[in-house]
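Protein chains in written order, with this note's numbering: chain A, 1 to 159; chain B, 160 to 274. From the three backbone atoms N, C-alpha and C, an ideal C-beta is built for every residue, glycine too.
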């Protein structure tokens, strides 16, 4: 990423999202849930083949209702035990007719820290400004397919 | 899937120039300047960028065609300013990704907190 792009990011950021959540569980438990491919797949709703390791490509199939046709690849970048896990992938790679493999990826980073009562997890996904225009435009189509509805589903799942 | 195919296609086509316009570091820089310093002339916008006036003009027109900025006459000079509504729409893309991560983070929470 160039310096100019980074400066622009602070203003109308179209490049990056960040989420922070505190989990009432020990760091070792959270670390396993994020870096065991099997466990990651359980909460993320994917079936993943293989294990996460630096430099590894792990393929998966989405198990989320309505998206079962979607397959994806996670390119694991860096693993620092119990602290940091990162991988790259193609966001919104849901169109079977499209070969996403030559397009830029976004970087997903999980950072763990111990905090009062549990473990703080920060999730950052960045690099959206390099995603081809047509791909990002496609997301507008998805918007009406109801992310809000999915959050409601989730609420009932968690409850 | 509630929305008609035609409406979705129209929406898609409409969004393409927007993302093309955003896909350049100089143009993102110009948007940054305009969002902080308000309406500026091309002369002011090219100062300190190492980019020629001509190039800045071209970039502004690209941004203008995508509806991100517009020009207005102020006295004898022409100034460029942000078209905020359009930018808000670009932000919606990230809002969707963020909503997905919200959902995933909550599933992760339920997953590790369950005994």
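| Item | Value |
| --- | --- |
| Spatial neighbours of residue 270(B) within its chain, please: CB distance less than 7 angstroms, with the 5 preceding and 5 following residues excluded, ordered by chain position. | none |
| What would DSSP say about residue 203(B), mapped onto helix, strand or coil? | helix |
| Please state whether the Cβ-Cβ distance between residue 21(A) and residue 268(B) is less than 9 angstroms. | yes |
| Using a beta-carbon distance cut-off of less than 8 angstroms, what residues from the stretch 41-59 of chain A approach chain B? | 42, 43, 44, 45 |
| From the DSSP output, in three-state form, read off residue 80(A) for me. | strand |
| On the premise that residue 190(B) lies in contact with residue 227(B), defined as a C-beta separation below 8 angstroms, what is that separation, rounded to the nearest angstrom? | 7 angstroms |
| Could you tell me if residue 125(A) is buried or exposed, where buried requires 16 or more neighbouring beta carbons within 10 angstroms of its beta carbon? | buried |
| Give the secondary structure of residue 129(A) by DSSP, where H, G and I count as helix, E and B as strand, and everything else as coil. | helix |
| What does residue 240(B) reach in chain A if we use C-beta pairs closer than 7 angstroms? | Those within 7 angstroms of residue 240(B) in chain A number zero; the least Cβ separation is about 13 angstroms. |
| Mapping DSSP to helix, strand and coil, what is residue 231(B)? | strand |
| What does a CB cutoff of less than 7 angstroms around residue 63(A) pick up in its chain, not counting 5 residues either side in sequence? | 45, 46, 47 |
| Run the CB neighbour count on residue 28(A), radius 10 Å, all protein chains shown included, and call it buried at 16 or more, exposed below. | exposed |
| Compute the Euclidean distance between the alpha carbons of residue 242(B) and residue 229(B), then round it to the nearest angstrom. | 6 angstroms |
| So, is the C-beta of residue 29(A) closer than 9 angstroms to a C-beta in chain B? | yes |
| Going along chain A in order, which residues have a C-beta closer than 7 angstroms to the C-beta of residue 271(B)? | 23, 25, 29, 30, 33 |
| Helix, strand or coil: which one does DSSP assign to residue 178(B)? | helix |
| Quick check: the Cα distance between residue 207(B) and residue 59(A), rounded to an integer number of angstroms? | 46 angstroms |
| Distance check for residue 127(A) and residue 65(A), CA to CA, integer angstroms please. | 27 angstroms |
| Among 273(B), 251(B), 254(B), 239(B), which one has its Cα closest to the Cα of residue 106(B)? | In the structure as shown, chain B begins at 160 and stops at 274. Residue 106(B) is therefore absent and cannot be evaluated. |
| Name the chain B residues that come within less than 8 angstroms of residue 19(A), Cβ to Cβ? | 257, 260, 261, 264 |
| Among the residues of its own chain, which have a CB less than 8 angstroms from the CB of residue 211(B), if the five just before and after it don't count? | 205 |
| Thinking residue 123(A) and residue 19(A) are a contact (beta carbons under 8 angstroms), I'd like their distance in whole angstroms, please. | 4 angstroms |
| Once the 5 residues before and after residue 187(B) are set aside, which same chain residues still bring their CB inside 8 angstroms of it? | 181 |
| Residues in the same chain with beta-carbon distance under 8 angstroms from residue 78(A), minus the five sequence neighbours each way, listed in chain order, please. | 54, 84, 85, 86 |
| Kindly indicate if chain A contains any beta-carbon less than 9 angstroms away from that of residue 223(B). | no |
| Assuming contact is defined by CB atoms lying nearer than 9 angstroms, are residue 30(A) and residue 111(A) in contact in what I supplied? | no |
| Can you tell which of 201(B), 178(B), 272(B) has its C-alpha closest to the C-alpha of residue 231(B)? | 201(B) |
| What are the boundary residues of the beta strand (DSSP E) that includes residue 110(A)? | 106-115 |
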